[in-house]
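A.B. asks: Quick one: this structure, given as structure tokens, is what I'll be asking you about.
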Amino acid sequence: MRSRQPAVIDKGTALRLLAAINLRPESRRFAIDIGGSLAKLLYVQRESEVQQELGIKKLDEAWPGAQLSVRIPEIGVILNFFAFETRNINDLVKFLRENWGSGISSKDVRATGGGAVKYAENFRQELAVVLNHLDEMDCLVRGLNFLLTKAQREVYVFDHEPLLSAAMSEPASPSVFPDLENSRKFVDASDDPFPYLLVNIGSGVSIIKVNGFEEYERVSGSSLGGGTFWGLSRLLTNCKTFDEVIELTKSGNNSKVDMLVGDIYGGEYGKVAGLDASVIAASFGKVVMKKEAPDVYGWAGMWKQFVRAIKGSSYLWLNFLLSTPVLGPLLRWMGYDKKTQEKLANLGLRSAFSANDVALSLLRMVAFNIGQIAYLNSKRYDVQRIYFGGNFIRDHPYTLAAISFAVRFWSNGETQALFLQHDGFLGVIGAFLGNDDYDIVVSAVGSSIVASWKKV
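In terms of this note's numbering, the sequence shown is residues 522 to 977.
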């Protein structure tokens, strides 16, 4: 099986897909989850349509979300997923206004997420589309319950011992960085997956304890989540997208930025089991310890500031050239765009720290914190199964390894972190399943399918 591609696709591809879908009267098979950073979409097909080559993959052969499609054989449908950045939502509305035919009688779309409220008026005024808003937490739980009980090869444990062993501080290397498909150990679907904890990592973190199909409560959370990682990445690096930051981490060495136990004690701290020399004692601790060169005045100081200004402006000029229509594509082809990403935003610290190392330090800081909070809540509520979801994970091996390591470290190896193939799409699945209008769902996918789904 090929490794599935990133869930986020470019705006143009997303809009082409939506145009092709909605030129046909299929709004009833469509659901949307508009989050703070990403808008996630679900489009449902009958298997018979795919056999007739009417499948969504025919709309765009290069569509990266093709790897995300899920076949549910017992109810005879295929779920297709894709996502794009929420900041482009107004472009989506404009495009649908131009392409969604006026002859479509029903323009009700099941929706969840904060954006389903925030942008509801935009959809109503521009498209005469009613976003039927459904509670976000209801949708998350309903979507995960559906996948846990109906979908095979959905839940997995990250099983790559070299990377798990290196998760604290060792840098990336060709021998450590794994093929993700060979590092997944899948867990069979279960008719009774309860109780469990859902740790949903979006802009922030919500931890939900689920006791049954309709029984759950939010028990904890944190403001330090994906938004923290991406926000600080934008402040500290010159990356323009989330995926650019993730790419930086692949060649990072966070031990050059983080203070380790070995940096303090010269080796492991023997009085406490598990505090090896490589354990992170303080994230970004070495930045604090870095001595700043004293200010120099006069001709020498002027020359120092002149050199700094030249270095800083050279990257500004490079960004300008990258944006030009003629030179830009050539420079990007030659890899010069990566040179701007690999430099820290802080000119004074560029010579001491690299953006690659800072990005990996930041990723592990956030991921370790989430893993620890999740495990502590599992002990508090005596729950063994912890599922991690949300678009922060993005199939990135270092993120998977960091969360897995944190849970294993704090549980002394007794608990495993569980991950999902469709970690960022739980809400949109739940939104599709959660509509109370039985007739709309029946007309969209058939009564036998609805009857099966209503059990979830």
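The beta-carbon is built from N, C-alpha and C at its ideal position, and this holds for glycine as well. In this text, all values refer to a predicted model and were calculated from it rather than measured experimentally.
1. Is the Cβ-Cβ distance between K811 and D779 less than 8 Å?
2. Determine the contact status of G955 and K561, defining contact as a CB-CB distance below 8 Å.
3. Less than 7 Å between the CB of L883 and some heavy atom of the ligand NAP, yes or no?
4. What's the gap between the Cα of S844 and the Cα of S741?
5. Among I950, Q942, F953 and V766, which one has its Cα closest to the Cα of K706?
6. Using only the alpha-carbon positions, how far apart do F602 and I950 sit?
7. Would you please state the rounded distance, in angstroms, between the beta carbons of H681 and S704? I believe it to be under 8 Å.
8. Measure how close the beta-carbons of S932 and F679 come, nearest whole angstrom, since I'm counting them as under 8 Å.
9. Is V809 helix, strand or coil by DSSP?
10. Along the chain, which unbroken stretches of the alpha helix (DSSP H) at least 4 residues long are found entirely within the region 906-935?
11. S727 bridges to which residues according to DSSP?
12. Buried or exposed: which applies to W820, given that a residue is buried once 16 or more other Cβ atoms fall within 10 Å of its Cβ?
13. Which residues bound the alpha helix (DSSP H) around E647?
14. So what does DSSP say about E547, is it helix, strand or coil?
15. Could you tell me which of V565, V809, R739 and S744 sits nearest to E657, measuring between CA atoms?
16. Does the separation of the CB atoms of L881 and N774 fall below 8 Å?
17. From which residue to which residue does the alpha helix (DSSP H) around A888 run?
18. Can you look up Y786 in the DSSP assignment and give me helix, strand or coil?
19. Look at the alpha carbon of T607 and the alpha carbon of H917, and state the distance between them as a whole number of angstroms.
20. According to the neighbour-count rule (16 or more other Cβ atoms, all chains shown, within 10 Å of its Cβ), is Y737 buried or exposed?
21. What are the residues that DSSP puts in a beta bridge with H681?
22. Applying the criterion that 16 or more other CB atoms from any shown protein chain within 10 Å of the CB defines a buried residue, is G856 buried or exposed?
23. By alpha-carbon positions, which one of A604, C660, Q646 and D764 ends up nearest to E735?
24. What span of residues does the beta strand (DSSP E) with R853 cover, start to end?
25. Just verifying my parser: in three-state terms, what is the DSSP assignment at T607?
26. When DSSP labels each residue in this structure, what does K792 get in the three-state scheme?
27. Does N611 pass the burial test, meaning 16 or more other C-beta atoms within 10 Å, or should it be called exposed?
28. Hey, how far is the Cα of S754 from the Cα of G597?
29. Would you call the region 660-679 in contact with the region 718-733, where contact means no fewer than 3 C-beta pairs closer than 8 Å?
30. Compute the Euclidean distance between the alpha carbons of F750 and N721, then round it to the nearest angstrom.
31. For the beta strand (DSSP E) holding L939, just list the boundary residues, first then last.
32. Using the beta-carbon count (16 or more within 10 Å), is E675 buried or exposed?
33. Answer yes or no: do R550 and A952 have a C-beta to C-beta separation smaller than 8 Å?
34. Name the two residues that bound the continuous alpha helix (DSSP H) containing N978.
35. Going straight from the alpha carbon of V565 to that of Q893, what length do you get?
C.D. replies: Quick look at the numbers:
1. no
2. At the C-beta level, G955 and K561 stay beyond 8 Å of one another.
3. Questions concerning the ligand NAP fall outside what the structure shown contains, since it holds no ligand whatsoever.
4. 44 Å
5. Considering only alpha carbons, the answer is Q942.
6. Rounded to whole angstroms, F602 to I950 spans 9 Å at the Cα level.
7. 4 Å
8. Incorrect: roughly 15 Å between the Cβ atoms, too far for contact.
9. helix
10. 918-931
11. N721 and G742
12. Around the C-beta of W820, fewer than 16 other C-beta atoms lie within 10 Å, and the residue is accordingly described as exposed.
13. A641 to L648
14. Legend: pLDDT at E547 = 49, less than 50; position of this residue unreliable, value from coordinates given subsequently. Three-state DSSP puts E547 in coil, outside helix and strand.
15. R739
16. yes
17. A876 to R901
18. helix
19. Looking at the two C-alpha atoms, the distance is approximately 21 Å.
20. buried
21. DSSP lists no partner for H681.
22. Label assigned to G856: exposed.
23. C660
24. Where R853 is concerned, there is no enclosing beta strand (DSSP E), although the alpha helix (DSSP H) it sits in stretches over L848 to W854.
25. helix
26. coil
27. exposed
28. 43 Å
29. yes
30. One C-alpha to the other measures close to 15 Å.
31. Counting along the chain, the beta strand (DSSP E) containing L939 begins and ends at A938 to L941.
32. buried
33. no
34. For residue 978 there is no data in the structure shown, the boundaries of the chain being 522 and 977.
35. 37 Å
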